[in-house]
Every structure is written in structure tokens, then in C-alpha cells.
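To start, the structure under review is shown below, and the notes come after it.
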Amino acid sequence: MTLRAAIRWLTKGKMNKPVIQYMLLDEQLEYLIRPQEIEVVTLKNDVFAVLEKIEEQSQGRRLEIYFKSVNIHYGKHRQDSAQFHFLISDYLLKRNLKKTNSRTAYFLKKDELRLFKDALSLLDIDCKTRGCAYVAFLWMIALKATRSRVQLVIKQIWKKRLSIQKMNKKQQADFLDFYSLINR
């Protein structure tokens with residue numbers, strides 16, 4: 123498995139500066155770069171600083187960078203949102219890191235989001251403390267958690283946290299018990 127980076131562009135209204143949230147996970151889904159949030163001052167410099175920090179921490183290992191940006195075809199977004207999308211896409215293209223599914227199209231909603239956050243919380247990933255809600259969104263981006271893949275992603279994190287390579291029947295039953303705890 124490769125290292126996984128997640129980058130999220132978040133606008134905070136017309137009067138506030140946008141932020142870039144990011145993290146880097148190793149093969150065991152442990153943090154190499156803990157979830158961080160920076161306020162954008164100079165868009166190009168800040169985007170490249172984040173990407174270079176991620177590449178520096180990867181130390182030459184295989185790296186996959188996933189990101190969430192505003193849909194560039196949506197006409198009412200801020201101009202800096204489109205610039206972010208193009209800057210990060212160009213960077214990934216030049217470094218041969220761009221994949222067809224690098225950009226996350228949408229986030230989980232309501233029930234799936236609650237399920238995902240509950241699972242992360244039970245797996246000792248803090249996403250419920252005040253100011254840490256964005257951590258769940260970064261995990262969604264990094265592991266491509268969509269409505270159809272949410273159970274698979276939760277299982278993937280669960281297996282990594284318990285250092286399981288291949289599940290036997292007892293571990294399958296344990297996972298089903300864990301999943302039933304969060305899926306109420």
C-alpha cells in the first residue's frame with residue numbers, strides 16, 4: 123500500500139479567508155502529518171507549501187494525493203476556489219500523481235456521515251472534539267469514503283488498527299459486532 127494524503131479546500135464565507143486542511147497517512151493508516159489547517163494568505167505559495175511538505179514527509183515512498191475542491195463548473199464559487207483546483211491539478215499532473223479519481227466529488231451526508239464519525243471515534247481517531255470535525259472529512263477524502271464504500275472503508279480502518287492482514291471467522295464476527303455498535 124502507498125502513503126495517502128488528503129487535502130481539503132474550505133471557504134469560510136465572503137469576508138473570511140479560506141483554509142487548506144491536510145494530512146498524510148502511512149501504510150498502516152497512522153499519521154505522518156497530523157490533520158492541520160492553514161489560513162490561505164497567498165494561494166499559490168500556500169498550496170505549493172502544503173504539497174511540498176507532504177512530498178518531503180513521504181521520503182520518496184509511493185504517494186497518492188486525494189483532494190476536495192469546489193466543482194469548477196459551479197458558477198457561483200469564489201475565484202480562488204477555481205484557482206485552488208487548477209493549481210493542485212497541475213501540480214499532480216507534473217509530478218505524475220494525478221489519477222482519474224484524485225478529486226473527491228462529494229462528502230457523505232447525514233446517516234453515512236454519523237456512521238463514519240462514530241466508527242472513527244471508536245477507532246481512537248478524534249473527530250468529535252470541538253474544532254476537530256474536519257478530521258473526519260480528511261479521512262473521507264484519503265480513503266475515498268463514498269455512500270457505497272463507507273462500510274468497506276470502516277472495515278479497512280478497523281483491520282489496520284488491529285493489525286489484521288486476512289480476516290478469519292472470529293475476526294469477521296468481531297467486525298460485525300463492531301459495525302452493529304455504530305450502525306444503530
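Under the numbering used here, think of the first position of the sequence shown as 123, with each following residue one higher.
We put the beta carbon where it would ideally sit given N, CA and C, even for glycine.
Between the C-alpha atoms of H207 and N305 there is a straight-line separation of about 35 Å. Counting along the chain, Y188 sits inside the beta strand (DSSP E) bounded by residues L185 to K190.
Taking C-beta separations shorter than 7 Å and ignoring five residues to either side along the sequence, the partners of L151 in its chain run I279 and K282, following chain order.
For T226, same chain residues with a beta-carbon under 8 Å away, outside a window of 5 residues either side, are Y188, F189, K190, M262, I263 and K266 in chain order. Close CB contacts of A255 within its chain, under the 7 Å cut and outside five residues either way in sequence, are with C249 (chain order). Non-local C-beta neighbours of S203 in its own chain, meaning closer than 7 Å and more than five positions away in sequence, comprise W131, T133, S191 and V192, ordered along the chain. Separation of the CB atoms of I210 and V169 is rounded to 6 Å, and the pair is thereby assigned contact status at 8 Å. Our two residues, S243 and E149, have alpha carbons roughly 20 Å apart in a direct line.
Here the C-alpha atom of R217 lies approximately 11 Å from the C-alpha atom of L173.
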